[in-house]
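Residue numbers 23 to 270, in my numbering, belong to the letters of the sequence shown in order.
Ideal placement from N, C-alpha and C gives every residue a C-beta, glycine not left out.
Here the structure is a predicted model, which means the values were calculated and not measured.
Please read the structure below before turning to the comments.
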Amino acid sequence: QVMGYERPAYFDPDHVEEGTYKDDGRPYRIAETFTFAKPDWFDFVAREYEACRETVGLCDYSSFTKIDLTSKGQEVVDLLQYLCSNDVDIPVGGIIHTGLQNERGGYENDCSLTRLAENHYMMIAPTIQQTRCKTWIQRHLPSDSSVSVSDVTSMFTAIAIIGPFTRTLLSELTDTDLSPKSFPFFTFKELDVGLANGIRTMNLTHTGELGYVMYIPNEFALHVYNKLLEVGAKYNIRHAGHYATRAL
23 QVMGYERPAY FDPDHVEEGT YKDDGRPYRI AETFTFAKPD WFDFVAREYE
73 ACRETVGLCD YSSFTKIDLT SKGQEVVDLL QYLCSNDVDI PVGGIIHTGL
123 QNERGGYEND CSLTRLAENH YMMIAPTIQQ TRCKTWIQRH LPSDSSVSVS
173 DVTSMFTAIA IIGPFTRTLL SELTDTDLSP KSFPFFTFKE LDVGLANGIR
223 TMNLTHTGEL GYVMYIPNEF ALHVYNKLLE VGAKYNIRHA GHYATRAL
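Encoded structure:
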């Protein structure tokens, strides 16, 4: 559990052991390792890792920090240029990774910035940096309230699909052109997926592997998840937990 989010460590498709908890979804138990030798979850994680490298892995990124920054004019760009070490004045639809430095050049945070519009950015940061990230930005907001900061972490379910068949899979669920020329790496598009719309989709995975991260309005999350599993079955889609994505 991180920042109140239950994040899957790995998935055991074979059986559920004693000490299992169960809510309205699939059964789960707390991941524990009682050995310095090969742990009992090793083979599960290995299969998840292979799926992300060879077919399609489906991962829950919902705990990531998500912050919207907007203004009426250029103010949000000026603020981020002041706070960030990288040049954030990128084309609309672009994504850039950058650090947020203090006046001594030290790191306060690192994040990815997606430019949704001329005066609208979405910041994605590590889960444990949610409060720190928002507080740091708020400390440096213009006194005229020209920049708006909204923590939208709880408004979006984030699903990542990782692997070489992700473009083919997602192309079956949307009419948008996903070719490398139309939707290159480190760019953003808002997609319709299945019957859901307004899916903020990033062509990156934070792992170095091919794939996409979809930030889905919560009301559409279950529909998109089910469609991915339904269509992804032909590509041997597999759930992948935090242990597997950390190893990529």
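Using a Cβ-Cβ cut-off of 7 Å (strictly less than) and excluding sequence neighbours within five positions of Asn225, which residues of its own chain qualify?
As a working mapping, residue 225 is identified with position 203 in the sequence shown. Taken in chain order, the residues that qualify are Phe205, Pro206, Phe207, Phe208, Thr209, Tyr234.
Measuring alpha carbon to alpha carbon, tell me which residue in Leu122, Thr136, Arg137 is nearest Glu130.
Translated into positions along the sequence shown, residue 130 becomes position 108. For Glu130, the nearest C-alpha among the options comes from Leu122.
Sort out for me which residues DSSP pairs Ile118 with in a bridge.
Numbered from 1 along the sequence shown, position 96 holds the residue referred to as residue 118. Note: Ile118 sits in a beta bridge opposite Leu135.
Name, in chain order, the residues that DSSP records as bridge partners for Leu80.
For this step, residue 80 is matched to residue 58 along the sequence shown. DSSP lists Ile183, His261 as partners of Leu80.
Would you be able to state if there are at least three C-beta pairs under 8 Å between the segment 193-202 and the segment 85-92?
no
Give the range of the beta strand (DSSP E) segment to which Leu213 is assigned.
Residue mapping note: residue 213 aligns to position 191 of the sequence shown, counting from 1. It spans 210-215 - the beta strand (DSSP E) in which Leu213 sits, taken as one unbroken run.
Can you check whether the CB of Met236 is closer than 8 Å to the CB of Val215?
Residue numbering aside, residue 215 sits at position 193 when the sequence shown is read from its first letter. Residue numbering aside, residue 236 sits at position 214 when the sequence shown is read from its first letter. Against a cut-off of 8 Å, the Cβ pair of Met236 and Val215 comes out as a contact.
Ordered along the chain, which non-local residues of its own chain (more than five positions away) have a Cβ less than 8 Å from that of Thr190?
Here residue 190 refers to the residue found at position 168 of the sequence shown. Here the set comprises Tyr257.
Output yes or no for whether 8 Å exceeds the beta carbon distance between Gly185 and Pro30.
To locate residue 185, count along the sequence shown from 1; it is residue 163. To locate residue 30, count along the sequence shown from 1; it is residue 8. Cβ distance not < 8 Å, so Gly185 and Pro30 don't count as in contact.
With a threshold of 8 Å on Cβ separation, who are the neighbours of Ala269 within its own chain once the five nearest residues in sequence on each side are excluded?
For the purposes of this step, residue 269 is identified with residue 247 of the sequence shown, where counting begins at 1. Once the five neighbours on either side are set aside, the close Cβ partners of Ala269 are Val67, Tyr71.
Closest to Tyr143 by CA distance: which of Thr153, Ser107, Ser84, Leu101 is it?
In the sequence shown, the residue the question calls residue 143 occupies position 121. Among Thr153, Ser107, Ser84, Leu101, the Cα nearest to that of Tyr143 belongs to Leu101.
Leaving out five residues on either side along the sequence, give the residues of the same chain with a beta carbon under 6 Å from the beta carbon of Arg137.
Your numbering for residue 137 matches position 115 in the sequence shown. Hits under 6 Å: Ile112, Val114, Gly116, Tyr143.
Ordered along the chain, which non-local residues of its own chain (more than five positions away) have a Cβ less than 6 Å from that of Trp284?
Shown here, the chain extends from 23 to 270; a query on residue 284 therefore has no answer.
Looking at C-alpha atoms only, which residue of Asp109, Glu125, Arg126, Asn124 is the closest neighbour of Ile118?
Taking the sequence shown and counting its residues from 1, the one referred to as residue 118 is at position 96. Comparing Cα-Cα distances from Ile118 to each of Asp109, Glu125, Arg126, Asn124, the minimum goes to Asp109.
So the alpha helix (DSSP H) Ser193 belongs to, where does it begin and stop?
Taking the sequence shown and counting its residues from 1, the one referred to as residue 193 is at position 171. In this chain, the alpha helix (DSSP H) harbouring Ser193 covers 188-193.
Can you have a look at Lys227 and say buried or exposed, based on whether 16 or more other CB atoms are within 10 angstroms of its CB?
For the purposes of this step, residue 227 is taken as the residue at position 205 of the sequence shown. Checking the displayed sequence, the identity of residue 227 turns out to be Thr instead of Lys. Buried.
Sort Pro148, Ile150, Pro164, Glu125 by Cα distance to Gln96 and report the nearest one.
Position 74 of the sequence shown holds residue 96. Checking every option, the nearest Cα to that of Gln96 belongs to Pro164.
Measure the beta-carbon distance from Ile238 to Val78 and round it to whole angstroms, keeping in mind my assumption that it falls under 8 Å.
Within the sequence shown, residue 238 is the residue found at index 216, counting from 1. Within the sequence shown, residue 78 is the residue found at index 56, counting from 1. So it is not a contact: roughly 17 Å between Cβ atoms.
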